[in-house]
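Structure record follows, encoded as structure tokens.
2 protein chains.
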Amino acid sequence: MNFIQTLAAAWKKNDSLLCVGLDPDPARFPASLRGKDEAIFEFCATIVTATADLVCAFKPQIAYFAAHRAEAQLEALIAHIHAAHPGIPVILDAKRGDIGDTAAQYAVEAFERFRADALTVNPYMGRDSIAPYLAYADKGVILLCRTSNPGGGDVQTLEADGERVYERVARMAAEEWNENGQCALVVGATYPAELARVRARVGDMPILSPGIGAQGGNIAAALQAGQTRDGTGLILNSSRAILYASAGEDYAHAARQGAKAARDAINAHRRRPPETAND
Amino acid sequence: MNFIQTLAAAWKKNDSLLCVGLDPDPARFPASLRGKDEAIFEFCATIVTATADLVCAFKPQIAYFAAHRAEAQLEALIAHIHAAHPGIPVILDAKRGDIGDTAAQYAVEAFERFRADALTVNPYMGRDSIAPYLAYADKGVILLCRTSNPGGGDVQTLEADGERVYERVARMAAEEWNENGQCALVVGATYPAELARVRARVGDMPILSPGIGAQGGNIAAALQAGQTRDGTGLILNSSRAILYASAGEDYAHAARQGAKAARDAINAHRRRPPETAND
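Structure below.
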């Protein structure tokens, strides 16, 4: 199965559009993990165990590993997810972007070294910067489109030829880069009107939508704007609100409760109850 | 000294606008290095020794290290450049781009872990994605503007409000993000007309210009378009044409000859002979 098929199966199996983002910050770990070797792996693996039946994907953010020389722990974490929770895709959030020869090296890093199922990619450098990832036919390529942060508007909402830059990126993804059905897009849940404009342009293409947790995005508005007709189509990411739901030793339990609450809050706004969905 | 000051001193001391890009590809190493532990470090360090008096900067490309689990060799390489060739700035080419909290982790990776003097950054996510790098006042932030690859036009040359996206990025860098004099831009030598448009908007801001080597950019045209009035302002990068000038055991000698030829070809088109420059 390729990434999009794996994702669709996970939406269904776990009845969930929730993605847990793995942004490990050792300064926020419970006391028992502080200063421990492999603390980053242990913290993330515990979160994974506590939430794996509640999510459609996990999304480790590579910067949090790279800042701590923890690439080996990231490799181990992704291998652990594949082994212990097969069927839950792993999105490596690295927002890579470079020209062909160099992009090919980033593709090796993401797909061969780290064994991610999908990678986030920055579209600023255009088509030949994306092709090397698409060459891995079973992998997902998730292009930044309209990001959740305030500065996202500096470039992404500029209007050219009657179309905003993020709409152009969505259209190129849907019409030019998705020959093999590998593409998805990043559109922040913090901008539901723009999420709706993207959905209108890309059919059922999956949209990774950060911002429902600590960033304050409204779940109902995001669902209304972004879900497909069958009540899927979204990968709604929450990181800090789940990882750090408790600062204490009960962090795994608190993360599970937080993930369950988020999944249920999302499901309350899905277009059809999952038991009647015809997928 | 901050990055821009260090760069200006290196332009002058080595009478060079040439930057050697360190894109180590083990498949192209000479036979004596194949399969050797630390071959990546050894290859790059040999190139550095052979060219350090001919360049204004070195630019390691992180993807070539990450694809081979060679982050430790990258750390060692940058430490070696700082120790053996103080005054030659190291630009970490990683094209990072993410929102604030995550960008802060990438800044730790680049500036604290790898000890780079400057980092390439993707502007697609806008101002709050750039601020965490600017917080390191002595470091350089080199924003992608008009990249050297064909697909660069997919987003960068879209025209909004009478201004192309890359021109807008150049203007934001010059007018809004450069309060502390840390910014530089990436504009490919393969597009001299666009290099000239950027130069017209950014005063003496340094421009990192890839494409004069294997990508075929014309040195005379790049100099005419991009140099400042005093014949500096450019960091002209060449990677493969120098690293792989010879596939044999004479690679260091061949790299030196290639770097010397590139430096001299560049200098032949500089606005004033360096000995009469008034800086």
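Note that the protein sequences, when read in sequence, are chains A and B.
Quick note on this note's numbering: the first sequence kicks off at 796 and runs consecutively.
Quick note on this note's numbering: the second sequence kicks off at 796 and runs consecutively.
We treat Cβ as the ideally placed atom computed from N, Cα and C, and that holds for glycine.
Please read all numbers here as calculations on a predicted model, not as lab measurements.
| Asked | Found |
| --- | --- |
| Exposed unless 16 or more other CB atoms sit within 10 angstroms - verdict on histidine 863 of chain B | buried |
| Distance, glycine 935 of chain B Cα to arginine 891 of chain A Cα | 20 Å |
| For aspartate 810 of chain A and glutamate 954 of chain B, the rounded distance between their alpha carbons | 43 Å |
| Residue-level contact to chain A via CB, glutamate 866 of chain B, 7 Å cutoff | yes |
| Neighbour flag for tyrosine 928 of chain A against chain B, beta carbons, 7 Å | no |
| Length of the line joining the Cα atoms of leucine 938 of chain A and asparagine 1013 of chain A | 22 Å |
| Extent of the continuous beta strand (DSSP E) run through cysteine 814 of chain B | 813–817 |
| Per-residue DSSP class, three states only, for arginine 1024 of chain B | coil |
| Methionine 765 of chain A, buried or exposed, once every other Cβ within 10 Å from all chains shown has been counted against 16 | Residue 765 of chain A falls outside the range modelled here, since chain A spans only 796 to 1074, and no answer is possible. |
| Spatial neighbours of arginine 941 of chain B in its chain, beta-carbon cut-off 7 Å, leaving aside the 5 residues before and after | Gly947, Gln951, Tyr961, Val982, Gly983, Tyr986, Glu989, Val993 |
| Contact test: glycine 921 of chain B Cβ vs the ligand SAM heavy atom, cutoff 6 Å | For the ligand SAM, the structure offers nothing, since it holds no ligand at all. |
| C-alpha distance - alanine 899 of chain B paired with leucine 929 of chain B, whole-angstrom precision | 10 Å |
| Three-way DSSP call (helix, strand, coil) for valine 981 of chain A in this model | strand |
| Cβ-based contacts, 7 Å cut-off: residues of the segment 850–877 of chain B near chain A | Gln856, Ala858, Tyr859, Ala861, Ala862, Arg864, Glu866 |
| Glutamate 1044 of chain A (DSSP reduced to helix, strand or coil) | coil |
| Serine 924 of chain B, DSSP secondary structure in three states | helix |
| Cutoff 7 Å: asparagine 1062 of chain B Cβ touching any chain A Cβ | no |
| Selected residue, minimal CA-CA separation from aspartate 893 of chain B, among A:Asn917, A:Arg910, A:Glu971 | A:Asn917 |
| Beta-ladder partner(s) of lysine 854 of chain A, from DSSP | A:Gly816 |
| C-beta neighbour in chain A for valine 815 of chain B, strict 7 Å | no |
| Proline 855 of chain A, buried or exposed, once every other Cβ within 10 Å from all chains shown has been counted against 16 | buried |
| Distance between beta carbons of isoleucine 799 of chain B and proline 1001 of chain B, contact taken as under 8 Å | 6 Å |
| CA-to-CA distance, phenylalanine 836 of chain A to leucine 1038 of chain A, given in whole angstroms | 13 Å |
| CB-CB length for alanine 805 of chain A against alanine 878 of chain A, believed under 8 Å | The pair is not a contact, with the Cβ atoms about 16 Å apart (cut-off 8 Å). |
| Option in B:Ala1015, B:Leu802, B:Gly1028 with minimal Cα separation from aspartate 1059 of chain B | B:Ala1015 |
| Segment contact, 8 Å Cβ cut-off, at least three pairs: the segment 1040–1053 of chain A with the segment 826–844 of chain A | yes |
| Beta-carbon gap between glycine 816 of chain B and serine 1041 of chain B smaller than 7 Å | no |
| Chain-ordered chain C contacts of alanine 955 of chain A [CB-CB under 7 Å] | The structure shown contains no chain C; the protein chains it does contain are A and B. |
| Chain B within 7 Å of tyrosine 901 of chain A, Cβ atoms only | yes |
| CB contact check: valine 950 of chain B to chain A, cutoff 7 Å | yes |
| Rounded C-alpha distance that separates glutamate 974 of chain B from alanine 867 of chain B | 34 Å |
| Span of the beta strand (DSSP E), counted from its first residue to its last, around lysine 890 of chain A | 886–891 |
| For arginine 829 of chain B: DSSP bridge partner residues | Answer is none; arginine 829 of chain B lacks a bridge partner. |
| DSSP state of glutamate 962 of chain B mapped onto helix, strand, coil | helix |
| Alpha helix (DSSP H) segment containing threonine 844 of chain A, residue limits | 834–846 |
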